[in-house]
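Trainee: The following block contains the structure, expressed as structure tokens.
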Amino acid sequence: MEHILSYYFERPEDVLVQPITVGLINDTFQVSLGINRFILQKINTSIFKSPEVIISNTLAIGQHLKNNNYSKEVVEIIPNRNGNFITFSNGEIWRMTKYIPNSVCINKVQSKEQAFEAAKCISEFHRLLNDFSTDRIQSSIPGFLDYRKRVEDFKLALKNANEERQHIARAEIDYINAHLSLIDEYLQIEFPTRVVHADAKIGNFLFDANDSMKPIALIDWDTILPGNVLCDFGDMIRTYSNLKVEDDPEGKNNFSLTYYQSVKDGFLYHLSDVLTEKEIEATDLTAFVVILIQAIRFLTDYLNGDIYYHTTRENQNLDRTINQINLLKAIEEELCIH
Ligand code: GN1
Ligand code: MG
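In terms of my numbering, the sequence shown opens at residue 578 and continues consecutively.
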């Protein structure tokens, strides 16, 4: 790593590097020099083909939030010693951000207050961005929220998949095929275009290390783009009403209707007079569709032979798919979405 550290530090040999293994796409490290800590990431450029878009989105959004006295921390990119926000080195692309002090990250929700506070945090984020023109941001991954394309990619993967994987995943393939009409229903709705974080999962909220009920930042702004803001509500439901971690295929006691409602109350807290009636009406359907799309994405990757998401064990993408489907089944039952 010395090659990259030397872009940021005069004495790279004094820098302490610790890998952080929670993300599924980029490689992340915590780096420290004395009392100063930072987050250094190698951007996966086979997925993020326009890293400069990530930089310009982050700078514009961060500035706007700061100007409007956002009560949480923002993502701050640290330039390298040449003054550049992205570093090209040995054919790789790296970017460093400020470490948010006194913070912890969780992968399972601990209480309804925590779910409510986290949803309020993103609600404030969106409220302040309500007067930010979406012309100022672009998608760093083309078609990221194009759900029609996600379904096409799934159908193609299904056609090309080896027989063994198709056979093993039969029940999951059938479940998804039986629910595709809900995606069609969702696609009929015309949503206003707003800023979307597009990865509002539980692991992207940092909480106060001394008070885990208190969110202090929403991080990972790499996928920010113009689109349907309810997708963020969906990702929160996907991970905050889910009582199992993302790759746990156990289906018993996996869903909390209480946390679902807490997320909804928190999400609407600063947004109830910003969102249109049509949007408010579509919250539950959007949550269902966001989870279904995530199931489709994990299953597509399983059928493609695990080429997109980081995996650390056999069948992890299938287990992730099963986890999403278990959640969908619980939501179907509790909220009568059919
Ligand atoms: C990926 O890399 P990470 O963990 O921030 C993915 C999200 C998925 C998420 C599922 C660029 O996010 O879209 O929802 O995994 N990011 C990309 O955990 O595909
Ligand atoms: Mg992400």
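Glycine included, each C-beta is placed from N, C-alpha and C at the ideal position.
Predicted model, so just to flag it, every value in this text is computed and none were measured.
In the structure shown, what three-state DSSP assignment does residue 673 receive?
Mentor: Within the sequence shown, residue 673 is the residue found at index 96, counting from 1. Looking at residue 673 - three-state DSSP - the assignment turns out to be strand.
Trainee: In terms of residues, what are the limits of the beta strand (DSSP E) holding residue 613?
Mentor: Position 36 of the sequence shown, counting from 1, holds the residue named residue 613. Start and end: 613-619.
Trainee: Quick check on this structure: which residue in 816, 624, 628 has the alpha carbon closest to the alpha carbon of residue 900?
Mentor: Working through the sequence shown from its first residue, we reach residue 900 at position 323. Comparing Cα-Cα distances from residue 900 to each of 816, 624, 628, the minimum goes to 816.
Trainee: Taking all protein chains shown into account, do 16 or more other C-beta atoms lie within 10 angstroms of the C-beta of residue 913, making it buried, or fewer, making it exposed?
Mentor: The residue labelled residue 913 in the question sits at position 336 within the sequence shown. Flag for residue 913 reads exposed.
Trainee: Excluding sequence positions up to five away, which residues of its chain have a Cβ less than 7 Å from the Cβ of residue 623?
Mentor: As a position in the sequence shown, residue 623 is number 46, starting the count at 1. There are no such residues.
Trainee: Between residue 546 and residue 753, which are expected to be in contact by the criterion C-beta below 8 Å, what is the C-beta distance as a whole number of angstroms?
Mentor: Because the chain here runs from 578 to 915, residue 546 falls outside it and cannot be looked at.
Trainee: Taking the runs of the alpha helix (DSSP H) that are 4 residues or longer, which of them lie wholly in the region 813-851?
Mentor: Taking only runs of at least 4 residues, the alpha helix (DSSP H) segments lying wholly in the region 813-851 are 834-846.
Trainee: Which one or two residues does DSSP pair with residue 609 in a beta bridge?
Mentor: Taking the sequence shown and counting its residues from 1, one reaches residue 609 at position 32. 593, 614.
Trainee: Kindly indicate the opening and closing residues of the alpha helix (DSSP H) around residue 902.
Mentor: Taking the sequence shown and counting its residues from 1, the one referred to as residue 902 is at position 325. It spans 893-912 - the alpha helix (DSSP H) in which residue 902 sits, taken as one unbroken run.
Trainee: Quick check: the region 842-851 against the region 875-886, are there 3 or more CB pairs under 8 Å?
Mentor: No, the region 842-851 does not touch the region 875-886.
Trainee: With distances taken from CA atoms, which of 635, 692, 614 is nearest residue 772?
Mentor: Residue 772 sits at position 195 when you count from the first residue of the sequence shown. Of the candidates 635, 692, 614, the one whose C-alpha sits nearest the C-alpha of residue 772 is 635.
Trainee: Going by other Cβ atoms of all chains shown within 10 Å of its Cβ, with 16 needed for buried, is residue 809 buried or exposed?
Mentor: Here the question's residue 809 lines up with position 232 in the sequence shown. Burial call: buried.
Trainee: Can you tell me where the alpha helix (DSSP H) with residue 635 in it begins and where it stops?
Mentor: Working through the sequence shown from its first residue, we reach residue 635 at position 58. Segment 628-644, the alpha helix (DSSP H) holding residue 635.
Trainee: For the 8 Å Cβ check, are there 3 or more pairs between the region 700-715 and the region 763-777?
Mentor: Yes: the two stretches touch, three or more of their Cβ pairs being nearer than 8 Å.
Trainee: Where does residue 834 land, buried or exposed, given buried means 16+ other C-beta within 10 angstroms?
Mentor: By 1-based counting over the sequence shown, the position of residue 834 is 257. Exposed, because fewer than 16 other Cβ atoms sit within 10 Å of the Cβ of residue 834.
Trainee: What do you reckon, is the C-beta of residue 776 under 6 Å from a heavy atom of the ligand MG?
Mentor: Here residue 776 refers to the residue found at position 199 of the sequence shown. Yes.
Trainee: From 665, 597, 632, 683, pick the residue whose C-alpha is nearest to that of residue 585; which is it?
Mentor: By 1-based counting over the sequence shown, the position of residue 585 is 8. It is 665.
Trainee: Quick check on this structure: which residue in 711, 720, 820, 639 has the alpha carbon closest to the alpha carbon of residue 625?
Mentor: Reading the sequence shown from its first residue, position 48 is the one you call residue 625. Closest by alpha carbon: 720.
Trainee: How many angstroms separate the CA atom of residue 724 from the CA atom of residue 862?
Mentor: Counting from 1 along the sequence shown, the entry for residue 724 is found at position 147. Counting from 1 along the sequence shown, the entry for residue 862 is found at position 285. If I take the Cα positions, the gap works out to 14 Å.
Trainee: Taking the Cβ atom as the reference point for each residue, do residue 796 and residue 652 lie within a distance shorter than 7 Å?
Mentor: Within the sequence shown, residue 796 is the residue found at index 219, counting from 1. Within the sequence shown, residue 652 is the residue found at index 75, counting from 1. Yes. Within cutoff.
Trainee: Under 6 Å Cβ to Cβ from residue 825, same chain only, skipping five residues before and after it: list those, please.
Mentor: One-based indexing of the sequence shown puts residue 825 at position 248. Taken in chain order, the residues that qualify are 900.
Trainee: Look at residue 692 and residue 839 and say whether their C-beta atoms are less than 7 Å apart.
Mentor: Start at 1 with the first residue of the sequence shown, and residue 692 comes out as number 115. Start at 1 with the first residue of the sequence shown, and residue 839 comes out as number 262. Contact: yes.
Trainee: If I measure Cβ to Cβ from residue 924 and keep anything under 8 Å in the same chain, skipping five residues before and after, which residues do I get?
Mentor: The shown model of the chain, from 578 to 915, leaves out residue 924, and the question about it has no answer.
Trainee: Does residue 612 pass the burial test, meaning 16 or more other C-beta atoms within 10 Å, or should it be called exposed?
Mentor: Along the sequence shown, read from residue 1 onward, the residue named residue 612 stands at position 35. Residue 612 should be labelled exposed.
Trainee: Check this for me: beta carbons of residue 607 and residue 595, under 7 Å apart or not?
Mentor: Locating residue 607 in the sequence shown gives position 30, where the first residue counts as 1. Locating residue 595 in the sequence shown gives position 18, where the first residue counts as 1. Against a cut-off of 7 Å, the Cβ pair of residue 595 and residue 607 comes out as a contact.
Trainee: Report the rounded CA-to-CA distance for residue 728 versus residue 601, giving the unit in angstroms.
Mentor: In the sequence shown, residue 728 corresponds to position 151, counting from 1. In the sequence shown, residue 601 corresponds to position 24, counting from 1. C-alpha separation (whole angstroms): 21 Å.
Trainee: Which term fits residue 580, buried or exposed, when burial requires 16 or more other beta carbons within 10 angstroms of its beta carbon?
Mentor: In the sequence shown, counting from the first residue as 1, residue 580 sits at position 3. By the 10 Å Cβ count, residue 580 comes out exposed.
Trainee: For the alpha helix (DSSP H) that residue 867 lies in, which residues bound it at each end?
Mentor: As a first step, residue 867 must be located in the sequence shown, where it is residue number 290. 860-880 is the extent of the alpha helix (DSSP H) around residue 867.
Trainee: Measuring CB to CB, does residue 903 end up less than 7 Å from residue 828?
Mentor: Within the sequence shown, residue 903 is the residue found at index 326, counting from 1. Within the sequence shown, residue 828 is the residue found at index 251, counting from 1. Yes. Within cutoff.
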